[in-house]
Amino acid sequence: MATRVRPCLNRPEPAANLGRLAFSIQVAEGSPGMARRLVLSGQLELTAARRVRLALDEALAHGAAEVDLAGVEKLDGGVAAIVAGRARSGLLSVLGTPDHLRPVLDLYLARSAGESRKRRLDAGLLETLGAWGRATLLDQRRVLEFLGDLGRSCLLALRRPASVRWADVTRLMNRHGSDGLPINALIGFLMGLITAFQAALQLHKFGADVFVANLVGLSLTRELGPLMTGIVLAGRSGAAIAAELGTMKVGEEIDALRVMGLDPVRFLVLPRMLAVTLIAPLLAIMSTGIGIVGGALVASVMLDIPFVAFGNSLEQAVAFADVFGGVGKAVVFGLLVAAIACQRGLATRGGAEGVGRATTSAVVTTLFTLIVVDAGFTVLYDLWGI
Amino acid sequence: MIRARDLAIGYGGQPLQTGLDFDVAPGELFMILGGSGCGKSTLLRTLVGLLPPVAGAMEVAGLTSPASHRERPRFGVMFQLGALFGSMTLEQNVSLPLEAWTDLDPATVREVALSKLALVGLEGAGDKLPSEISGGMNKRASIARALALDPPLLFLDEPSAGLDPISAASLDDLILSLRDDHGTSVVIVTHELASIFRLGGRCLMLDREAGTSIALGTPEELRDHPPHPTVRSFFRREAEAANP
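Written out as structure tokens, the structure reads:
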């Protein structure tokens, strides 16, 4: 039989062979009924696996093929698995296996991953869409179940306030509030500084310097203060809560609570929701106040507006309704941060990777929700004339 | 103490094991055996109420539906991973069910919790966190927590898994002591042959291929007169029948 040799396939793997040709893969005409024949020879170590896989798949793309192992001196498990997986499909025939290589090939022929690999490749668009739809529905169902459990626990807490673990609430307020003061204060200060700086640049052109106080006061009180507090809470406390509950879930601690007759929502979720919801408006007020100080500083330095004049303008511009609206937003943002983080944490599946996914999901979902809810507040406040 | 009739267990309505029939008497030590993935832990999770049965009927410590957040638990559970609360000391872990379900004052709760820890051989370890103790101590502390309310029934999921032979034997002795000295019914999920023969009791063997139980009897009976090839392979540590 005439044999065509393709030497271009003979390039050695650089890292494993130190420049020496350790193996070769040659393509020849196949026997009758076989589209291709691959002749493998040399030291087929793990580093050759990729080339062997590509060559086999290329040969099999034309139909049934055969592989000749007569010239192979060494066959690593990885390469044997690749050959065996395709041989099990029935499309690849293995010829000339040397006796000393037969045990390793037989091992993988008996236990290759060929079938499961085929099943994965066969998953079509429809199947993928179906799986996605099912997962989404299950996710929504879990959210509804969580809301139901939460509602029931809240009602129980209202009826019997002593059933709430208040010691945990104060401890968690300290962790998520007091410990987060510096970062909230810094971000508030910088937001005030930046807002005032940008406003000063523009308003100065029109001789409207004094309105810097109005802009800084209103934007921080109504929008930026509560929103930035919500965002910092989502990144700091939301992620921590989701990771903590997720770790407890995968470590069977949530199951342990259930079998002890303790409701995880009442035991774990309610204290976290109360703590974050109570701390959020306080952080927003503090963040807004420090932001206004930052704005006053910029107005004083850049526009020579005295602190007293800045304060007077602020007093005229910012009404109680604005403060009330901002605080109201912060309460809702705190509630959302805690609820989403707790739900994602309790819905964690899998091990460490699942905890990571739950944490990411909690933060991303919270940020998106905060922006949407903030937009809703803007429309609502406009309708109410706040 | 436990009665299962034509019980089917599984996830999401998909049965993993069907037609399970067995009883556990008060003070009995009952083991659920089987290879990996056959549904041993799923059966345990169903019995303690963490999973709903797919079909059939069961009664555990007088409850037909053990999952309830509203009443004092009638059994204790030790999970495979211990499941101690990482942010609490061992004493706080054991105190938790006492605080939740009794009106005891803090000093009494503390004394009871420390005595439970001493019972499982953890004297002086009450102020340690779960991350500061070994795997064997973790499992012992988990048993102490499960015993906090003196339940008449105890479920243990793979108590010896991952332990060295000495720790495993010591844990087995503790389990026997709980049954013999306290009259506690103990249901154990395991596939550790050494523990199975050391503990004795009755064994229910599940099989993934058969999708149901394939044997019920003492370890010696099942070893000497295996009613199914998988039972023989299991007790003789043979791979062929289990992995055809």
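These protein sequence lines are chains A and B, in that order.
Residue numbering for the first sequence follows the working numbering, beginning at -3 and increasing consecutively.
Residue numbering for the second sequence follows the working numbering, beginning at 12 and increasing consecutively.
Where is the CB? At the ideal position from N, CA and C, for every residue including glycine.
Predicted, not measured: the structure shown is a model, and the values here were computed from it.
Residue i at chain A interface by Cβ criterion, 8 Å
i     : result
F90/B : yes
L61/B : yes
A94/B : yes
Own chain, CB closer than 8 Å to residue i, minus 5 neighbours either side, in chain order
i      : result
V120/B : S106, L109, E110, T113
L95/B  : L101, N104, P141, N149, A152, S153, R156
G73/B  : R85
S89/A  : M30, A60, A61, E62, V63, A83
R16/B  : D32, G67, A68, M69
T53/B  : I20, G21, Y22, L27, Q28, L62
Within chain A, the residues that residue i reaches when beta carbons sit closer than 9 Å
i     : result
E82/B : G257
Interface residues of chain A facing residue i [CB-CB closer than 8 Å]
i      : result
L107/B : M256, L258
A111/B : M256, G257, L258
Cut-off 6 Å between Cβ atoms - residues of its own chain near residue i, not counting five sequence neighbours on either side
i      : result
Q91/B  : D168, E169
N254/B : Because N254/B sits at a pLDDT of 45, beneath the cut-off of 50, its placement in the model cannot be relied upon, and the following sentence gives the value as read from the coordinates. Cβ within range, chain order: n/a, list empty.
L58/B  : V71
G226/A : F329, L366
C150/A : none
I382/A : A317, G321
A358/A : G234, A238, I336, A337, R340
G137/B : L101, E102, L125, L128
T362/A : A230, G234, V333, I336
G290/A : F185, G188, L189
S224/B : L31, L215, L217
Chain B within 8 Å of residue i, Cβ atoms only
i      : result
G247/A : yes
A61/A  : no
E111/A : Legend: pLDDT at E111/A = 49, less than 50; position of this residue unreliable, no value from coordinates given.
A235/A : no
K114/A : Here the model assigns K114/A a pLDDT of 49, short of 50, so the residue's position is not dependable, and the following value carries that caveat. It does not: the Cβ of K114/A has no partner Cβ on chain B nearer than 8 Å.
I382/A : no
Under 9 Å by beta carbon: chain B residues contacting residue i
i      : result
D251/A : R56, V59, L61, V88, F90, A94
Neighbourhood of residue i by C-beta, 7 Å cutoff - its chain only, sequence neighbours within 5 removed
i      : result
G135/B : none
V369/A : V328, L332
T355/A : A235, A238, A239, G242
L257/B : For residue 257/B there is no data in the structure shown, the boundaries of chain B being 12 and 255.
R1/B   : This structure gives no information on residue 1/B, because the portion of chain B shown stretches from 12 to 255.
- Hey, is the region 134 to 147 of chain B in contact with the region 174 to 183 of chain B, meaning 3+ C-beta pairs nearer than 8 Å? yes
- Query: Pairing CB atoms from the region 274 to 284 of chain A with CB atoms from the region 343 to 352 of chain A, are three or more of them under 8 Å?
  - Reply: Touching, no, given that fewer than three Cβ pairs across the two stretches are closer than 8 Å.
- Message: Assess contact between the region 258 to 272 of chain A and the region 207 to 217 of chain A, defined as three or more Cβ pairs (one per stretch) separated by less than 8 Å. Is contact present?
- Response: Counting Cβ pairs under 8 Å, fewer than three are found: no touch.
- Would you check if the region 217 to 232 of chain A and the region 318 to 336 of chain A touch, i.e. whether three or more CB-CB distances between them fall below 8 Å? Using a Cβ-Cβ distance cut-off of 8 Å, the region 318 to 336 of chain A and the region 217 to 232 of chain A are in contact, since at least three pairs of beta carbons, one from each stretch, lie closer than that value.
- Task: Decide yes or no for the touch test of the region 152 to 169 of chain B against the region 213 to 225 of chain B: beta carbon pairs closer than 8 Å, at least 3 of them.
- Result: no
- Determine, using beta-carbon pairs with one atom in the region 242 to 251 of chain A and one in the region 178 to 192 of chain A, whether at least three such pairs fall under 8 Å. no
- Message: Whether or not the region 100 to 107 of chain A and the region 68 to 88 of chain A are in contact is what I'm after, with contact meaning three or more pairs of Cβ atoms, one per stretch, closer than 8 Å; do they touch?
- Response: yes
- Item | the region 232 to 250 of chain B contacting the region 31 to 38 of chain B, beta-carbon criterion three pairs below 8 Å | no
- Query: With contact counted as at least three CB pairs below 8 Å, one residue from each stretch, are the region 131 to 143 of chain A and the region 196 to 206 of chain A in contact?
  - Reply: no
- How do the region 30 to 42 of chain A and the region 63 to 73 of chain A stand: do at least 3 beta-carbon pairs fall below 8 Å, yes or no? The region 30 to 42 of chain A, when compared against the region 63 to 73 of chain A, does touch it at the 8 Å Cβ threshold.
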